[in-house]
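Mapping to this note's numbering: the sequence shown position 79 is 526, numbers consecutive. To start, the structure under review is shown below, and the notes come after it.
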Amino acid sequence: QIYKERDQIMEGMDLSEKIAKMRKDVIDRQLDTFCAGAKEDWNLKGLRAYLEGNLYFPVRDEAGNVLDVLEGKETVEDLRRALQNAADNSALLVESKLTPVHMRELERFVLLGAIDSYWMDHIDAMEDLRHGISLQAYGNRNPLVEYQLESDEMFRETVYSIRERAVFDCLRLFRVWAVN
Numbered sequence: 448q449i450y451k452e453r454d455q456i457m458e459g460m461d462l463s464e465k466i467a468k469m470r471k472d473v474i475d476r477q478l479d480t481f482c483a484g485a486k487e488d489w490n491l492k493g494l495r496a497y498l499e500g501n502l503y504f505p506v507r508d509e510a511g512n513v514l515d516v517l518e519g520k521e522t523v524e525d526l527r528r529a530l531q532n533a534a535d536n537s538a539l540l541v542e543s544k545l546t547p548v549h550m551r552e553l554e555r556f557v558l559l560g561a562i563d564s565y566w567m568d569h570i571d572a573m574e575d576l577r578h579g580i581s582l583q584a585y586g587n588r589n590p591l592v593e594y595q596l597e598s599d600e601m602f603r604e605t606v607y608s609i610r611e612r613a614v615f616d617c618l619r620l621f622r623v624w625a626v627n
């Protein structure tokens with residue numbers, strides 16, 4: 448999966464839909480983390496801190512700065528729509544200032560950097576797991592089963608981290624371009 452994605456980048460494929468889906472996935476995961484359950488259980492302070500620290504929205508929606516209107520949303524779907532619109536509008540704003548060709552190059556550059564960085568870390572972590580998994584036998588656990596479970600989870604987290612990093616970096620670059 449990772450190598451196929453990397454090959455697509457190197458071949459110059461249009462990744463705009465993939466990047467848009469990544470933005471959606473990152474927003475969905477964070478809403479699941481910070482806004483699960485009833486509205487009174489939402490952690491809007493945590494969500495706002497996460498967004499301010501990671502997702503740089505250079506645009507405003509019809510109600511003002513997206514981060515300022517989080518408090519007024521009644522449902523998770525309202526939050527999702529506001530955040531997704533802000534992220535998508537950021538991309539559209541930058542693409543209007545660049546050209547579609549340059550925008551696709553920017554997306555490929557960012558995604559390639561995220562893949563190369565996180566994939567190397569993942570390979571190192573898998574090697575560490577392989578060396579440490581033999582200790583599982585001492586706990587009366589099957590080392591092969593434990594290795595498979597842990598490696599699957601590590602892979603899923605690596606894939607998510609790649610996507611999250613690509614989204615963060617794109618939005619940071621979008622902010623720079625939107626301001627100029």
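By construction, the Cβ of each residue, glycine as well, lies at the ideal position given by its N, Cα and C atoms.
Is it buried or exposed for residue i, if we count other Cβ within 10 angstroms and need 16 for buried?
i           : result
residue 605 : buried
residue 612 : buried
residue 477 : buried
residue 554 : buried
residue 450 : exposed
residue 610 : buried
residue 457 : exposed
residue 541 : buried
Helix, strand or coil: how does DSSP classify residue i here?
i           : result
residue 520 : coil
residue 589 : coil
residue 448 : coil
residue 617 : helix
residue 510 : Confidence in residue 510 is poor, its pLDDT being 45 and thus under 50, which makes the residue's placement unreliable; the coordinate value appears in the next sentence. If DSSP states are grouped into helix, strand and coil, residue 510 belongs with coil.
residue 460 : coil
residue 489 : coil
residue 606 : helix
residue 546 : coil
residue 483 : coil
Relative to the alpha-carbon of residue i, which residue among the options has its alpha-carbon at the smallest distance?
i           : options            : result
residue 620 : 527, 557, 492      : 557
residue 537 : 525, 617, 578, 452 : 617
residue 468 : 501, 535, 594, 459 : 535
residue 608 : 456, 454, 455, 470 : 470
residue 466 : 591, 594, 498, 539 : 539
residue 459 : 491, 559, 518, 519 : 559
residue 569 : 588, 548, 454, 597 : 597
* Are there three or more Cβ pairs, one per stretch, closer than 8 Å when the segment 518–535 is compared with the segment 461–481? -> yes
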